[in-house]
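Position 18 of the sequence shown, counted from 1, bears residue number 18 in UniProt numbering, the numbering being contiguous throughout. Glycine included, every Cβ here is placed at the ideal spot set by N, Cα and C. Inspection log for the structure reproduced underneath, given as structure tokens.
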Amino acid sequence: MKKVYNIVDQKILIDTDFDYKMDDAYNSFLECDNNYDVKYKFNKINELENNLFLESKKLHSKNLIQIYDNKNGYLRLYLNLSQQEPYGYLKEEKSDNKEYNVYIDLNKNVDVNTFKIFEMIGLESYFCKKNIFILHSSYIKWNDGAILFSGPSGMGKSTQADLWNKYEGCEIINGDRSAITKKDGVWNAYGLPFAGSSRIYKNVKNPIKCVVVLKQAKNNNIRKLSPLEAFKYIYSQTTVNDWNKEYINTIINLIEEFVKEIPIFMLECKPDNTAVQLLKETLRGEV
């Protein structure tokens, strides 16, 4: 079963020797041709190579994922939720390879669907090698550009996106995640096929007008952040593989450049139309 997905202008070939359930979230990202930039080959196994992990150094363990240093690269070991036992792993070379191998034991208690497939390939790591980073944000299209609402979970990103949709007719591209990269001198936001609980995911690219860092408040207030202030907020909401120094350095360099070139605002706001109008008036004079 071979399928090519176009995500952030990267053609990703998923090659499996087994069928899996297709998630509607990925439909708009499917490509018709067989050309690809990177290939992930999924291989069925009957049991894990325990020696492979015994001979490797554990670097990270969180949320049913364990990371090992295997000298030649990293191993991502995945555990199932019900029994907390390993069901598969990704071999991730440190060099910029075009092909990677994923191994999965289908006898384990694991539901294999498109979401699970993409969870296992560690896409943020491949993106980083292509100077792409993923920001925790709600992404809307306004005046042929992207506004990204960012902040921790529960801060009101989806609420503000919904308000702009309701009062300004703005299209919501993704309710929880945006991919960001610079192409031909322009910073662009891309929709992704994963969006948390919002279930809003569209394969759309727009030049970024601004990022709005949100804080809940009883009264509305907005100010433009300095690059130093902005870096702290953007980095804290960016997907980072903190066990990989090269990854961290790349992300730091990308964000440092990003916050110098894109307006970053702090919006303390109420969850109503007054917040929309305040931001709209501010943007008229800034972007």
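Could you compute how far the alpha carbon of residue i sits from the alpha carbon of residue j?
i: M22; j: N219; result: 45 Å
i: N27; j: I208; result: 25 Å
i: V110; j: M1; result: 19 Å
i: F133; j: I251; result: 7 Å
i: W243; j: V212; result: 29 Å
i: L64; j: W164; result: 36 Å
i: L123; j: K280; result: 34 Å
i: I222; j: N97; result: 44 Å
i: L135; j: C170; result: 20 Å
i: I248; j: K71; result: 19 Å
i: F18; j: D33; result: 20 Å
i: T16; j: T114; result: 11 Å
i: E31; j: N143; result: 28 Å
Just tell me which of the options has its CA closest to the CA of residue i.
i: Q84; options: K130, V276, Q66, N70; result: Q66
i: S178; options: D69, F42, K260, F149; result: F149
i: K57; options: L75, F29, Y201, K215; result: L75
i: K44; options: G151, I104, L59; result: I104
i: K39; options: L48, N46, I117, E49; result: I117
i: E256; options: I234, S137, N273; result: I234
i: A161; options: A275, N113, A230, F231; result: A275
i: V204; options: V240, G156, F29; result: F29
i: Y89; options: Y126, L81, N101; result: N101
i: S125; options: T181, V8, E99, N241; result: N241
So, at 6 Å on beta carbons, what are the nonlocal neighbours of residue i in its own chain, with the 5 sequence-adjacent residues on each side left out?
i: W187; result: I208, I262
i: P86; result: L48, L77, L79
i: A25; result: P193, Y201
i: I140; result: I147, A161, W164, C170, I172
i: E286; result: P263
Assign residue i to buried or exposed, taking buried as 16 or more other Cβ atoms, counted over all protein chains shown, within 10 Å of its Cβ.
i: E92; result: buried
i: C210; result: buried
i: S95; result: exposed
i: L54; result: exposed
i: C128; result: buried
i: N35; result: exposed
i: V217; result: In the sequence on display, residue 217 carries Ala and not Val. Answer is exposed; the Cβ neighbour count stays below 16.
i: C269; result: buried
i: L13; result: buried
With which residues is residue i paired in a DSSP beta bridge?
i: L79; result: P86
i: D105; result: According to DSSP, D105 bridges with nothing at all.
i: E171; result: K141
i: S61; result: Q66
i: P207; result: N188
In its own chain, which residues sit with a C-beta less than 7 Å from the C-beta of residue i, not counting the 5 before and 5 after it?
i: I200; result: I172, N174, G175
i: V259; result: P227, A230, F231, I234
i: L59; result: I67, Y68, D69, W243
i: S153; result: none
Kindly list the residues whose CB is nearer than 8 Å to the CB of residue i, restricted to its own chain and excluding five residues on each side of it in sequence; keep chain order.
i: T282; result: I222, F265
i: residue 291; result: Missing from the structure shown is residue 291; the chain here goes from 1 to 287 and no further.
i: N46; result: D105, N107
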